[in-house]
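Q:
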Amino acid sequence: MKTIHNMSILLLLTILFTSASLTVEAAETGFLNRTVQIGSETYRYQVFVPSGWDKKQKWPVILFLHGAGERGDDGFVQTEVGIGTAIRRGVARFPAIIVMPQCRKNIWWTEDSMQAQALGALEKSIKEFNGDRERLYLTGISMGGYGTWGLATKYPGKFAALAPVCGGIRVPRAVRPPDASLDATPGTATDLYAEAAKKIGATPVWIFHGGADRVVPTEESQKMNEALKAASGNVKYTEYENVGHNSWDKAYAEPELMKWLLSQKLTASSAKR
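Each step along the sequence shown adds one to the number in my numbering, with nothing skipped, and position 54 is 289.
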């Protein structure tokens, strides 16, 4: 009987250890396919989970907004330009949950519906991967740079830091809504850059732009840099001489960018839910 009892205990321990091992092995990491439901629409997005992910600790979360060329509904192509490429080139530099929604064709991140799905994907990822609401970060390239400024001004205090790349405030005429009034003159009471800087306040910002960008005028980032400085903001500015529109490869390869970004933190009382 004693032998049978010992064998039963051994069998039970084996089952427990096996179950624990399977649980560890089942943890998903890398680029993962996900969906979010907003109203009647289902949106595909990707979320990158680092190999060291552990549900027992809280993780910083980065929301990345892609450029106009990656629009669609396949839920994947947005990982092939910008931060997704940087992750694949140096995965160890990105110890964070990185959420990559996809904007639909013929629309911009500045539209309410696209902002809603981006924030929906962010919220789902925070809950699924134990994201830290005091360490939420926002970055984007080109059209996504505009989206970065747009979300930051619409939801001030939500993100602990911003890293807009070759974006801007004044949306190009070709994609403006018919009723948009975006011709304010700098230095007036309706200066768009000053208004945006006022809303962003003390949120740390690191701006990147190519000095030879012919798609999004470099002046867009220069004006925001000056506006933030005038508003006593916390801003860093990097302009790459003789670099065209693709300044994101250089920006996301910056050795200090991720260190700087992930070192920023909201206070517990100011973290928005």
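Backbone N, C-alpha and C fix where the C-beta goes; we use that ideal spot for every residue, glycine too.
1) Measuring alpha carbon to alpha carbon, tell me which residue in Gln-292, Ala-396 and Val-282 is nearest Ala-353.
2) Mind checking which residues open and close the alpha helix (DSSP H) that includes Asn-460?
3) Let's see if you can read the secondary structure: which residues bound the alpha helix (DSSP H) around Leu-501?
4) Looking only at its chain, what residues have a beta carbon closer than 6 Å to the beta carbon of Thr-502, apart from the 5 residues adjacent to it on each side?
5) One question on the structure: do Tyr-472 and Ile-442 come within less than 8 Å of each other, judged by their Cβ atoms?
6) Mapping DSSP to helix, strand and coil, what is Ile-404?
7) Please report the distance separating the alpha-carbon of Ser-348 from that of Val-271.
8) Below 8 Å, how does it come out for the stretch 461-468 and the stretch 381-388: are there three or more Cβ pairs, yes or no?
9) Would you mind giving the Cβ-Cβ distance between Met-459 and Ile-404, rounded to the nearest angstrom? I have them listed as a contact below 8 Å.
10) In this structure, how does DSSP classify Glu-358 when only helix, strand and coil are distinguished?
11) Do Arg-269 and Lys-362 have their C-beta atoms closer together than 8 Å?
12) For Gly-302 versus Tyr-487, is the C-beta spacing smaller than 8 Å?
13) What is the rounded straight-line gap between the Cα of Val-296 and the Cα of Tyr-278?
14) Using the three-state DSSP reduction, which class does Thr-473 fall into: helix, strand or coil?
15) Per DSSP, Leu-267 is paired with what?
16) Sorted by chain position, which residues of the same chain lie with C-beta nearer than 6 Å to Val-450's C-beta, five sequence neighbours on each side aside?
17) Figure out for me which residue from Val-400, Phe-364 and His-444 has the closest Cα to the Cα of Leu-373.
18) Quick one: Cα of Asp-448 to Cα of Phe-299, how far?
19) Determine whether the beta carbon atoms of Trp-326 and Leu-357 lie at a separation below 8 Å.
20) What residues in its chain sit with their C-beta under 7 Å from that of Phe-266, if we drop five residues either side in the sequence?
21) Pop quiz: Ala-396 and Pro-452 are said to be a contact at Cβ under 8 Å. What is the actual Cβ separation, rounded to whole angstroms?
22) Return the CA-CA distance between Thr-355 and Gln-337, expressed in angstroms with no decimal places.
23) Go ahead and label Glu-305 buried or exposed: buried means 16 or more other beta carbons lie within 10 angstroms of its beta carbon, across all protein chains shown.
24) Report, in whole angstroms, the separation of the C-beta atoms of Gly-446 and Tyr-475, which I expect to be a contact under 8 Å.
25) What number of angstroms, rounded off, separates the C-alpha of Val-406 from the C-alpha of Tyr-381?
A: Quick answer:
1) Indexing the sequence shown from 1 puts residue 353 at position 118. Nearest option by C-alpha distance: Val-282.
2) Residue numbering aside, residue 460 sits at position 225 when the sequence shown is read from its first letter. 453-465 is the span of the alpha helix (DSSP H), which, as asked, contains Asn-460.
3) The residue given as residue 501 occupies position 266 in the sequence shown. Segment: none, Leu-501 is in no alpha helix (DSSP H) and carries neither H nor E.
4) As a working mapping, residue 502 is identified with position 267 in the sequence shown. Counting only Cβ-Cβ distances below 6 Å, and skipping sequence neighbours, we find nothing.
5) Translated into the one-based positions of the sequence shown, residue 472 becomes position 237. Translated into the one-based positions of the sequence shown, residue 442 becomes position 207. It is a contact, given that the beta carbons lie within the stated cut-off.
6) The residue labelled residue 404 in the question sits at position 169 within the sequence shown. Reduced to three states, the DSSP call for Ile-404 is coil.
7) Residue mapping note: residue 348 aligns to position 113 of the sequence shown, counting from 1. Residue mapping note: residue 271 aligns to position 36 of the sequence shown, counting from 1. Distance between the alpha carbons of Ser-348 and Val-271: 13 Å.
8) no
9) Translated into positions along the sequence shown, residue 459 becomes position 224. Translated into positions along the sequence shown, residue 404 becomes position 169. Correct: roughly 6 Å between the Cβ atoms.
10) Residue 358 sits at position 123 when you count from the first residue of the sequence shown. Helix at Glu-358.
11) Here the question's residue 269 lines up with position 34 in the sequence shown. Here the question's residue 362 lines up with position 127 in the sequence shown. No, the Cβ-Cβ distance between Arg-269 and Lys-362 is not below 8 Å.
12) Counted from its first residue, the sequence shown places residue 302 at position 67. Counted from its first residue, the sequence shown places residue 487 at position 252. Not in contact: Gly-302 and Tyr-487 (Cβ atoms no closer than 8 Å).
13) Start at 1 with the first residue of the sequence shown, and residue 296 comes out as number 61. Start at 1 with the first residue of the sequence shown, and residue 278 comes out as number 43. Looking at the two C-alpha atoms, the distance is approximately 19 Å.
14) Start at 1 with the first residue of the sequence shown, and residue 473 comes out as number 238. Of the three classes helix, strand and coil, the one that applies to Thr-473 here is strand, per DSSP.
15) As a first step, residue 267 must be located in the sequence shown, where it is residue number 32. Leu-267 is bridged to Val-282.
16) In the sequence shown, counting from the first residue as 1, residue 450 sits at position 215. Counting only Cβ-Cβ distances below 6 Å, and skipping sequence neighbours, we find His-480.
17) In the sequence shown, counting from the first residue as 1, residue 373 sits at position 138. The candidate whose alpha carbon is nearest that of Leu-373 is Val-400.
18) The sequence position of residue 448 within the sequence shown is 213, counting from 1. The sequence position of residue 299 within the sequence shown is 64, counting from 1. Looking at the two C-alpha atoms, the distance is approximately 21 Å.
19) Against the sequence shown, residue 326 aligns to sequence position 91. Against the sequence shown, residue 357 aligns to sequence position 122. A quick correction: the sequence has Val, not Trp, at residue 326. In this structure, Leu-357 does not lie closer than 8 Å to Val-326 by Cβ.
20) Numbered from 1 along the sequence shown, position 31 holds the residue referred to as residue 266. Closer than 7 Å at the Cβ level, and outside the excluded window around Phe-266, lie Gln-281, Phe-283 and Thr-314.
21) Position 161 of the sequence shown, counted from the first residue, corresponds to residue 396. Position 217 of the sequence shown, counted from the first residue, corresponds to residue 452. No, Ala-396 and Pro-452 are not in contact; Cβ-Cβ is about 24 Å, not under 8 Å.
22) As a position in the sequence shown, residue 355 is number 120, starting the count at 1. As a position in the sequence shown, residue 337 is number 102, starting the count at 1. One detail in the question is off: residue 355 reads as Gly in this sequence, not Thr. Rounded to whole angstroms, Gly-355 to Gln-337 spans 12 Å at the Cα level.
23) Mapped onto the sequence shown, residue 305 falls at position 70. Counting Cβ neighbours within 10 Å, Glu-305 comes out buried, since at least 16 surround it.
24) The residue given as residue 446 occupies position 211 in the sequence shown. The residue given as residue 475 occupies position 240 in the sequence shown. With 8 Å as the limit, Gly-446 and Tyr-475 qualify as a contact, their Cβ atoms being about 6 Å apart.
25) One-based indexing of the sequence shown puts residue 406 at position 171. One-based indexing of the sequence shown puts residue 381 at position 146. So the two alpha carbons sit approximately 7 Å from each other.
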